[in-house]
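Down below is the structure, laid out as structure tokens.
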Amino acid sequence: MKSKGLLTASFLLIVLSGVMWWSNKKTATADKAPTESVTTKLLSITEDQIQNIEIKKRSGEIIHLQRSDSRWQIAAPEALSADPDAVSSMLSTLSSLRSDRTVEEKTTSPDQ
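Numbered as in the numbering used here, the sequence shown ends at 113 without a single skipped number.
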């Protein structure tokens, strides 16, 4: 008689544990639903619209890139041919630049 009660209690414990596991799994999946992105595109230009690029190093030296006939040239400090893959990668990055958040003009905590 005691073993029958113990077997029934064990079965109920297993069933209740399964129900708890399933309900927690369902809510965890709902929490992982993708949220809408609130990023803002910073530049609304295409790579074709960019004709000049000026890069200023910390030392003060300025590197000037210029497009001529769909080819990029280094115009300053010395006239050289530019690496098309490097320039294309830089332009692609700049044209798809997005901000994750906006800092308020009168912020209370500037460390953020």
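Using N, Cα and C, we set each Cβ at its ideal position, and we do this for glycine too.
C-beta contact flag for residue i and residue j at 8 Å
i: P78; j: E62; result: yes
i: I75; j: I64; result: yes
i: L95; j: L44; result: yes
i: T40; j: R99; result: yes
Same chain, Cβ closer than 6 Å to residue i, five either side skipped, listed in chain order
i: N53; result: Q67
i: V16; result: none
i: I56; result: I64
Limits of the beta strand (DSSP E) - the one that residue i falls within
i: L66; result: I63 to S69
i: A83; result: Neither: A83 is in no beta strand (DSSP E) and is coded neither H nor E.
i: I75; result: R72 to A77
i: E48; result: Segment: none, E48 is in no beta strand (DSSP E) and carries neither H nor E.
Residues near residue i in its chain [Cβ-Cβ closer than 7 Å; skip 5 each side]
i: W73; result: L66, A83, P85 and V88
i: K42; result: R99
Beta-carbon proximity list for residue i, same chain, < 8 Å, skipping 5 on both sides
i: E48; result: S89, L92, S93 and S96
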